[in-house]
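The structure appears right after this line, and notes come after that.
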Amino acid sequence: MSLLELDSVHTYYGDSHVLEGVSLTVEEGETVALMGRNGVGKTTTLRSILQLTPPSEGSITYRGEELVGRETHEVAGSGVGWIPEERRVFAQLSVEENVRIAVPEGDDVDAALELAWDAFPDLADIPERNAGALSGGQQQMLAIARGLVGNNDLLLVDEPSEGLAPLIVEEVRDALARAAEDTTILLVEQNLPMALDLADRFYVVDHGSVVDSGDADEVDADSDRLTRYLSA
Amino acid sequence: MILPLLADALGQFFRPDTLVNVFVDGLSKAAIYAMIALGLTLVFGLLGVLNFAHGSLTMIGAYLGGLVMVLVVGSATGDVARLAAFFFALVFVFAALAALGGLMEVGLIRELYDRPPVYQILLTFGLTLILDELTRIAVTFYGLQPVAKWQDALGTKPAFMATSVHVGGVDLSPLSLFEIALGAVVVLGVWLFLTRTRYGLVIRAGSEDDEMTAALGIDVHRVFTVVFALGSGLAGIAGVLLMWDQVWGASLPLAQQTLLPAFVVVIVGGLGTFRGTVVAALLVGMVDATMTWWFQNAVSFAGLPQMMIFLVLVVTLVVRPQGLFGIAEVGDH
Amino acid sequence: MADETGRDWVRQYAREHVVHLVVVALLGLYPFFYDAITHSIVGAEATTVLPQMETMVAVFYFGLFAMSFDFISGYTGYLSFGHAIFYGTGAYFVVLVSNGKIPLLGAGTPFMVSLVLAGLLAVVIALLVGSISFRLSGVYFAMITLGVSQVAYVFIRGWDFVSSNPKDGAAVVGHPTGFNIGVPWIDSLNLAIGPLVGDELSLAWIHLGTTQVSYYLVGLVVLACYLVMQRLIHSPFGKVMVAIRENEERAEAVGYEPYRYKLAAFAVSGFFAAIAGGLFAGFRRSVAPENSMYFLVTGDALLSSIIGGFGTLAGPLYGRLFDETLREFLSKEGAGGGLLPYLQGHVPGGVMDAVIYNGLTVGEAINTFLNGHASLYIGIVFVVFVLYVPGGLLGTIRGRAGGPLAKRVGRLLGGDDE
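Line order of the protein sequences matches chains A, B and C.
Each number in our numbering comes from the position in the first sequence (counting from 1) with 1 added on.
Each number in our numbering comes from the position in the second sequence (counting from 1) with 172 added on.
Letter 165 of the third sequence, counting from 1, is numbered 147 in our numbering, and no numbers are missing.
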């Protein structure tokens, strides 16, 4: 049984029919990249999994359990973490508070903080700083840290390299690679080299459905297979 | 012709004893405004609902508090006992109003989550009509004049609060000092709750981004209910305090008298920000106290303090719509 | 589509306005119907339930106010919580003019002229207020208009220019006859309004009392205003208003300047709100801050709009009809008939004195829980409507019919199939 399975998912965003039958699977332990041009429905796919933008048709199962129709917090609580586009850290909360709130109730908060500080020593230096005052790269690390402490088996990561300088992108890549060691990751990313580097498999999305898939080592960043669907 | 009068008044105003009096008055008014507005801020910050029924809840709190006091306090009751009864009333009213608020949220407001936020505002407007009229029925049934301030409740104050004390040339009213103290305690209590508890953390995060909060596994809807209950409880205890204050008093009109300044404080401070509410309460309190002095001593326009308060709202919205501490949002709220 | 020659246009207009004609006819016949039925066998019951003439006049002028509120709030989506400022302006202006307090306008200024001038004053206020308020949206816009109107309320409450006791408002002084509605300066084409000092009218076998004359005159003015607003709503201007409500960004992207349209719509709504206020003051011959400028006055318009139907224009009038009818029914004094006098007159004393609980008689219970407490039941209806009938009365009917009634019926009559 796959960890995550989407079957013919249709989702509307307002009046717009964004997902027109998306089907994909993610096995436990792997990292899967979801690629495609802007606006094809990659973010909406992640949002549909979390029931933030509930699908109108189709099924999404996690460990065999149907997610469609459930509440977002229930989906998140069963081990699905979200590292959204634009990070969405809580700007008015401190770095430490941002991590704290991601720790599920009942879990050991101190152990979770230790984990976060170990993974991101830069953040460990500034626990009291307001998250809104952090740089883009620091915010991205914080968002990943939230995903790590949340007791998640599946991380939905949306455009982590967006808007970041190349050096920082490297750090983000490293952080995600470390995370991938014990978590399954579904990664939406336009930075092809980084996506293919991290991923085991990939899907290409175009016009709201999956048009191609394969192993990451079959292609590289300038393969025709990819560039025909991804243009500047 | 006006100038010499104006100069005269200014001279009077800038005397030390006047300034101290106005300052203390302003602080006590600020304490009241803070207590009135805090509940509204919490609810608006997290749920995005401008609770029109907030004033009615304060009024109900005033009447309930008055009821407790009138039942418990007799003419022979000592001051200490009266204070004790007052604190009991605070706890009782908080619990009662919180329960009422929670019920309202679960039973009614929750139905409207999927609709545009304007519907929730409309609903609370309807609730205020119902609550006000039910209170009117109850109050007249027991023989009280709904529009007049409840004199018996006012009379349950401890004796030492009924008169002013003269300290170093300045008139200090013990009631004002009590109000300042209580206001400070409530503000501090809410602040501690928001910053030191997990629930407070969740509320602060949810006020900023309730979608992300839900995606972290937190049942935001249940938090909505708790916050609405909390906000209602706070409205109630503000009412209990006002029951003792001659300027306000427990009466039907108290609902509107507190609702409008609460709106001003919440919006001027910056919707849903705790810090903004406290600072705005201080601002509005000082403006109110200053303008009251000017009305009493120089400008014969009875509505001066009120008008100034609304002007503060208008000016703030024109100059800085997100309020003193609000984050500039695009559209949405 | 038929050629728009003169006759065809009239026919088309008539077809599209059949529903309006029916409503106007029903309202036109109402005074005669009321008169007849209240003197019939079921007279007592009828008096209890049906609103009296004086109440209906209030339904008309406040209904106009509520319609003007809907014009801006329902169609553009910008809630004008401070709308009372226009109503109050209209009311106070009319009273002040007739008391000779407005420079350049003598006490003898025709009422119709006062109304229009009051409307224009409101337009100026609307443009001023709108210029600062429309930069914001949603709650902010509502709050800033509320703040401004409360400033006006507090101001008018304390401004002794208005009267010797501004807290109580101002009354018409030294104008012994009623205010004239009709063609200004041509005496024979005017009739005075007012429950006591208005004109009576005798035509053939029909005799209309003062309140009935007022009913028709005020009703006519309100009808005219409604038709103008309705025309605007169904014009390209109105379509832009709705586009702004649905998606302002898209409207802007398509090339419209929302700011201008919002201001214009606000000015129009203010104009008619002031006319409503003027009619109110002209009929009642007095005005107080609480019943004209206070924010609860806007609240009443909001009530009427939700119950009648937001964004329907005519809905608020029906909403107000419901509101006033219920209030008269449950009125403590029983002035227009109502529950209390009916029960007192028709229910045996024994039943009224029967004790239900703890010394509380039936009569007392009715007095405590029903009479004088119409607000409670209106509030309950309002809450129920917000939750379950978001379209209001008219909105729900339109939903069933598939569009504005006038147009739907018009199409049916014209033979087009939908």
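C-beta atoms are modelled at their ideal positions from N, C-alpha and C, and glycine is treated no differently.
Computed from a prediction, not measured in an experiment: that's the story for all the values here.
Output needed for VAL165(C): all residues of its chain with C-beta closer than 8 Å, excluding positions within five of it in sequence on either side, in chain order.
What you label residue 165(C) is simply residue 183 of the third sequence in a count that begins at 1. In the same chain as VAL165(C), and ignoring 5 residues on each side of it, the C-beta atoms closer than 8 Å to its own belong to MET94, LEU171, ASN172, in chain order.
In angstroms with no decimal places, state the Cα-to-Cα distance between ILE204(B) and GLU351(B).
Residue 204(B) sits at position 32 when you count from the first residue of the second sequence. Residue 351(B) sits at position 179 when you count from the first residue of the second sequence. ILE204(B) and GLU351(B): Cα-Cα distance of roughly 7 Å.
Could you give the DSSP three-state label for ARG202(A): helix, strand or coil?
Start at 1 with the first residue of the first sequence, and residue 202(A) comes out as number 201. Strand.
Note the first and the last residue of the continuous beta strand (DSSP E) segment covering ILE186(A).
Within the first sequence, the letter at position 185 stands for residue 186(A). ILE186(A) -> beta strand (DSSP E) spans 185 to 189.
Against chain B, does ILE102(A) count as a neighbour if the rule is that its beta carbon must be under 7 Å from one of theirs?
As a position in the first sequence, residue 102(A) is number 101, starting the count at 1. ILE102(A) counts as touching chain B.
Determine the DSSP secondary structure at ASP213(A), reduced to helix, strand or coil.
Here residue 213(A) corresponds to residue number 212 of the first sequence, with the count starting at 1. In the structure shown, ASP213(A) sits in a strand (DSSP, three-state: E or B).
To the nearest angstrom, how far is the alpha carbon of GLN418(B) from that of PHE260(B)?
Walking along the second sequence from the start, residue 418(B) turns up at place 246. Walking along the second sequence from the start, residue 260(B) turns up at place 88. Approximately 21 Å between the Cα atoms of the pair.
Backbone CA spacing between THR343(C) and GLN326(C) [nearest angstrom]:
If you number the third sequence from 1, residue 343(C) lands on position 361. If you number the third sequence from 1, residue 326(C) lands on position 344. Whole-angstrom Cα-Cα distance: 13 Å.
First and last residue of the uninterrupted beta strand (DSSP E) at ASP343(B):
Counting from 1 along the second sequence, the entry for residue 343(B) is found at position 171. Here the beta strand (DSSP E) through ASP343(B) covers 342 to 344.
Exposed or buried, what is LEU178(C) when buried is set at 16 or more other beta-carbons lying within 10 Å of its beta-carbon?
Indexing the third sequence from 1 puts residue 178(C) at position 196. With fewer than 16 Cβ atoms within 10 Å of its Cβ, LEU178(C) is classed as exposed.
Just to check my reading of the structure: ALA200(A) and ALA34(A) have Cβ atoms closer than 8 Å, yes? What is that Cβ distance to the nearest angstrom?
If you number the first sequence from 1, residue 200(A) lands on position 199. If you number the first sequence from 1, residue 34(A) lands on position 33. Yes, ALA200(A) and ALA34(A) are in contact; Cβ-Cβ is about 4 Å, under 8 Å.
Between LEU373(B) and chain A, is there a C-beta pair that is closer than 7 Å?
On the second sequence, residue 373(B) is found 201 positions in, with the first residue counted as 1. Taking Cβ atoms only, chain A reaches closer than 7 Å to LEU373(B), which makes this a yes.
What three-state label does DSSP hand ALA246(C) in the structure shown?
For the purposes of this step, residue 246(C) is identified with residue 264 of the third sequence, where counting begins at 1. DSSP places ALA246(C) in helix when its eight states are reduced to three.
Just verifying my parser: in three-state terms, what is the DSSP assignment at HIS505(B)?
As a working mapping, residue 505(B) is identified with position 333 in the second sequence. Unreliable positioning characterises HIS505(B) in this predicted model, as indicated by a pLDDT of 30, which lies under 50. A coordinate reading is not provided.
When we look at the beta-carbon of ASP460(B) and count the other beta-carbons within 10 Å, is it buried (16 or more) or exposed?
On the second sequence, position 288 is the one that residue 460(B) refers to. By the 10 Å Cβ count, ASP460(B) comes out buried.
From the DSSP output, in three-state form, read off THR108(A) for me.
For the purposes of this step, residue 108(A) is taken as the residue at position 107 of the first sequence. According to the sequence displayed, residue 108(A) carries Asp and not Thr. Looking at ASP108(A) - three-state DSSP - the assignment turns out to be coil, as it is neither helix nor strand.
Give a yes or no on whether the minimum CB-CB distance between GLY78(A) and chain B is below 7 Å.
The residue given as residue 78(A) occupies position 77 in the first sequence. So yes, GLY78(A) belongs to the interface.
CB SER228(B) to CB THR312(B), shorter than 7 Å?
For the purposes of this step, residue 228(B) is identified with residue 56 of the second sequence, where counting begins at 1. For the purposes of this step, residue 312(B) is identified with residue 140 of the second sequence, where counting begins at 1. Contact check for SER228(B) against THR312(B) fails: the beta carbons are separated by 7 Å or more.
Using a beta-carbon distance cut-off of less than 8 Å, what residues from the region 265 to 276 of chain C approach chain B?
Considering only beta carbons, no part of the region 265 to 276 of chain C lies closer than 8 Å to chain B.
I need the straight-line Cα distance from ARG(-7)(C) to THR44(A), nearest angstrom please.
Residue -7(C) sits at position 11 when you count from the first residue of the third sequence. Residue 44(A) sits at position 43 when you count from the first residue of the first sequence. Distance between the alpha carbons of ARG(-7)(C) and THR44(A) is about 55 Å.
Hey, quick one: how far does the beta strand (DSSP E) through TRP83(A) stretch, first residue to last?
Along the first sequence, one-based indexing puts residue 83(A) at 82. 81 to 84 is the span of the beta strand (DSSP E), which, as asked, contains TRP83(A).
Would you be able to state if there are at least three C-beta pairs under 8 Å between the region 88 to 107 of chain A and the region 143 to 153 of chain A?
Counting Cβ pairs under 8 Å, three or more are found: they touch.
Three-state class that DSSP yields for PHE47(C) in the structure shown
Start at 1 with the first residue of the third sequence, and residue 47(C) comes out as number 65. For PHE47(C), the secondary structure class from DSSP, reduced to helix, strand or coil, is helix.
Which full runs of the beta strand (DSSP E) of 3+ residues lie inside the region 122 to 182 of chain C, going along the chain?
Within the region 122 to 182 of chain C, the complete beta strand (DSSP E) runs of at least 3 residues are 161 to 164, 172 to 175.
Contact criterion: CB-CB distance below 7 Å. Does PHE121(A) meet it with respect to chain B?
By one-based count along the first sequence, residue 121(A) stands at place 120. Not an interface residue.
I want to know whether the region 244 to 263 of chain C touches the region 40 to 56 of chain C - three or more CB-CB distances under 8 Å.
Yes: the two stretches touch, three or more of their Cβ pairs being nearer than 8 Å.
Using a threshold of 7 Å, state whether the C-beta atoms of ALA104(C) and LEU61(C) are closer than that.
For this step, residue 104(C) is matched to residue 122 along the third sequence. For this step, residue 61(C) is matched to residue 79 along the third sequence. LEU61(C) is positioned such that its CB atom lies no closer than 7 Å to that of ALA104(C).
Neighbourhood of GLU129(A) by C-beta, 6 Å cutoff - its chain only, sequence neighbours within 5 removed
Numbered from 1 along the first sequence, position 128 holds the residue referred to as residue 129(A). For GLU129(A), the CB contacts under 6 Å within the same chain, skipping 5 residues up- and downstream, are SER95 in chain order.
Using the three-state DSSP reduction, which class does GLU31(A) fall into: helix, strand or coil?
Numbered from its first residue, the first sequence carries residue 31(A) at position 30. Reduced to three states, the DSSP call for GLU31(A) is coil.
Can you confirm whether MET384(B), when its beta carbon is compared against all beta carbons of chain A, has any partner nearer than 7 Å?
Within the second sequence, residue 384(B) is the residue found at index 212, counting from 1. Taking Cβ atoms only, chain A reaches closer than 7 Å to MET384(B), which makes this a yes.
Among all the DSSP beta bridges, which residues are the ones paired with VAL484(B)?
The residue labelled residue 484(B) in the question sits at position 312 within the second sequence. VAL484(B) pairs with nothing; no bridge assigned.
Three-state secondary structure (DSSP) of MET173(B):
Position 1 of the second sequence, counted from the first residue, corresponds to residue 173(B). Model confidence at MET173(B) stands at a pLDDT of 49, short of 50, so the residue's coordinates are unreliable and nothing is read from them.
When we look at the beta-carbon of VAL10(A) and count the other beta-carbons within 10 Å, is it buried (16 or more) or exposed?
Locating residue 10(A) in the first sequence gives position 9, counting from the first residue. Buried, by the Cβ-count rule.
With burial defined as no fewer than 16 other Cβ atoms inside 10 Å of the residue's Cβ, what is the status of SER286(C): buried or exposed?
Start at 1 with the first residue of the third sequence, and residue 286(C) comes out as number 304. Result: buried.
Residues of the region 107 to 133 of chain C with Cβ closer than 7 Å to any Cβ of chain B, in chain order
Correct list: ILE114, LEU118, SER119, GLY120, VAL121, TYR122, MET125, ILE126, GLY129, VAL130, GLN132, VAL133.
Taking VAL265(B) and GLY233(B) to be in contact with their CB atoms under 8 Å, please state how far apart those CB atoms are, rounded to whole angstroms.
Numbered from its first residue, the second sequence carries residue 265(B) at position 93. Numbered from its first residue, the second sequence carries residue 233(B) at position 61. Contact flag correct, Cβ pair sits at about 5 Å.
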